[in-house]
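*Asks:* If you read the sequence shown in this note's numbering, its first letter stands for residue -1, the second for the next number, and so on. All C-beta atoms, glycine included, are put in the ideal place defined by N, C-alpha and C. Bear in mind that the values here come from a model prediction, so they are computed numbers and not experimental data. The structure under discussion is supplied below as structure tokens; questions concerning it will follow.
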Amino acid sequence: MKISSAEFIKSATKPSNYPPPELPEVAFAGRSNVGKSSLINVLVNRKSLVRTSSTPGRTQLLNFFDINDSSFSLVDLPGYGFAKVPLAVKKAWGPMMRTYLEERVCLKAVVFILDIRRVPREEDIQMLDWLEEFEVPTIPVITKVDKLKRSQRDRQIKEIADATGLPKDAFSLFSALTKEGKEEIWERIEDALEV
Ligand SMILES: Nc1nc2c(ncn2[C@@H]2O[C@H](COP(=O)(O)OP(=O)(O)OP(=O)(O)O)[C@@H](O)[C@H]2O)c(=O)[nH]1
Ligand SMILES: [Mg+2]
């Protein structure tokens, strides 16, 4: 994918504040600190279009981005599973996410991101269940693969596949450091967007 422009449109929590559903859209979901924003920045060749942080849980809104002069949009979804988030924010997350997945008519796929070093937890499985419930095509990605030696990767991928019930080859492997996996993920996004 050649990127000619990438611009922040707006943040929202509820449908009345989403941008009009005029462009095909792909969203990025995963636990806090998993690397959602880093993946988007690598895909669009920007160091900091999307704010990345070492303080997890700071992005608690849906952030919409316009790519290639309104060819399509990408959405950085709020992360889940961060212990220090206030209870009210935690409670709002589920309904906010379900509403988006259920009602966003232009949503073509969700890139569902897991950390290669972690076994998926309850919230990850919950997210997968919602994606299935609302019939959202899902692009599973295992990120931060640079953190493990190649010999350790396979064992972790198998654990993640077992925990999610997805086949091992459903996952694209990615690293924001080495950019491995970038082209493969773009191909899957392009297929979903039909651009
Ligand atoms: N080594 C390595 N570090 C990564 C990778 N991806 C992200 N990180 C680091 O992980 C931390 C979190 O990355 P973010 O992209 O901000 O994660 P996020 O999922 O957007 O986090 P929230 O917005 O807080 O939910 C940052 O310190 C990144 O530099 C990767 O592929 N490899
Ligand atoms: Mg983020």
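Can you list the beta strand (DSSP E) stretches of 3 or more residues lying completely in the stretch 141 to 175, in chain order?
*Replies:* none
*Asks:* Would you call the stretch 118 to 128 and the stretch 74 to 85 touching, i.e. three or more CB-CB distances under 8 Å?
*Replies:* Contact between the stretch 118 to 128 and the stretch 74 to 85 is present, because at least three Cβ pairs lie under 8 Å.
*Asks:* If you measure from the beta carbon of R29 to each beta carbon in chain B, is any gap under 8 Å?
*Replies:* Here there is only one protein chain, and chain B is not present.
*Asks:* Buried or exposed for L191, please, with buried defined as at least 16 other CB atoms from any protein chain shown within 10 angstroms of its CB.
*Replies:* Residue numbering aside, residue 191 sits at position 193 when the sequence shown is read from its first letter. Buried, since its Cβ has 16 or more Cβ neighbours within 10 Å.
*Asks:* G77: beta carbon under 7 Å from a heavy atom of ligand 1?
*Replies:* Residue mapping note: residue 77 aligns to position 79 of the sequence shown, counting from 1. Result yes, Cβ under 7 Å from ligand 1.
*Asks:* Once you ignore the five residues that flank S170 on each side, which residues in its own chain have a CB closer than 6 Å to its CB?
*Replies:* Mapped onto the sequence shown, residue 170 falls at position 172. The answer, listed in chain order, is V139, G179, E182 and I183.
*Asks:* T11 by DSSP, collapsed to three states: which one?
*Replies:* Taking the sequence shown and counting its residues from 1, the one referred to as residue 11 is at position 13. For T11, the secondary structure class from DSSP, reduced to helix, strand or coil, is coil.
*Asks:* Which value, in whole angstroms, describes the spacing of the CA atoms of L59 and P165?
*Replies:* Your numbering for residue 59 matches position 61 in the sequence shown. Your numbering for residue 165 matches position 167 in the sequence shown. Each residue's Cα considered, the two are about 31 Å apart.
*Asks:* V134 and L99: beta carbons closer than 8 Å?
*Replies:* The count along the sequence shown starts at 1 and reaches residue 134 at position 136. The count along the sequence shown starts at 1 and reaches residue 99 at position 101. For V134 and L99, yes; Cβs fall inside 8 Å.
*Asks:* When the Cα atoms are used, what is the spatial distance from L146 to T176?
*Replies:* Your numbering for residue 146 matches position 148 in the sequence shown. Your numbering for residue 176 matches position 178 in the sequence shown. Taking the straight line from one Cα to the other gives about 13 Å.
*Asks:* How many whole angstroms separate the CB atoms of L129 and V32, which I take to be in contact at a CB cut-off of 8 Å?
*Replies:* Along the sequence shown, read from residue 1 onward, the residue named residue 129 stands at position 131. Along the sequence shown, read from residue 1 onward, the residue named residue 32 stands at position 34. 16 Å between Cβ atoms; not a contact.
*Asks:* Whole angstroms are fine: how far does the CA of K0 sit from the CA of S68?
*Replies:* Translated into positions along the sequence shown, residue 68 becomes position 70. Translated into positions along the sequence shown, residue 0 becomes position 2. For S68 and K0, the distance between alpha carbons rounds to 14 Å.
*Asks:* Would you say the beta carbon of S30 is closer than 7 Å to some non-hydrogen atom of ligand 1?
*Replies:* Position 32 of the sequence shown, counted from the first residue, corresponds to residue 30. Yes, ligand 1 has a heavy atom inside 7 Å of this Cβ.
*Asks:* For K156 and P19, I'd like the C-alpha separation in whole angstroms.
*Replies:* Translated into the one-based positions of the sequence shown, residue 156 becomes position 158. Translated into the one-based positions of the sequence shown, residue 19 becomes position 21. Cα-Cα distance, rounded: 38 Å.
*Asks:* In the DSSP output, which residue or residues are listed as bridge partners for Y78?
*Replies:* As a working note, residue 78 is residue 80 in the sequence shown. Among the bridge pairs identified by DSSP, Y78 is matched with R29.
*Asks:* Let me check you understand the geometry: is the CB of L112 closer than 7 Å to at least one non-hydrogen atom of ligand 1?
*Replies:* Taking the sequence shown and counting its residues from 1, one reaches residue 112 at position 114. No - ligand 1 has no heavy atom lying nearer than 7 Å to the Cβ of L112.
*Asks:* Rounding to the nearest angstrom, what Cα-Cα distance links S3 and F70 in this structure?
*Replies:* Stepping through the sequence shown from its first residue, residue 3 is reached at position 5. Stepping through the sequence shown from its first residue, residue 70 is reached at position 72. Taking the straight line joining both Cα atoms gives about 11 Å.
*Asks:* Please identify the residue among M94, D189 and I158 whose C-alpha is closest to the C-alpha of S14.
*Replies:* Within the sequence shown, residue 14 is the residue found at index 16, counting from 1. Among M94, D189 and I158, the Cα nearest to that of S14 belongs to M94.
*Asks:* Give the single residue among R186, V73, R116 and V143 whose Cα lies nearest to the Cα of I7.
*Replies:* Along the sequence shown, one-based indexing puts residue 7 at 9. Of the listed residues, the one whose Cα sits closest to I7 is V73.
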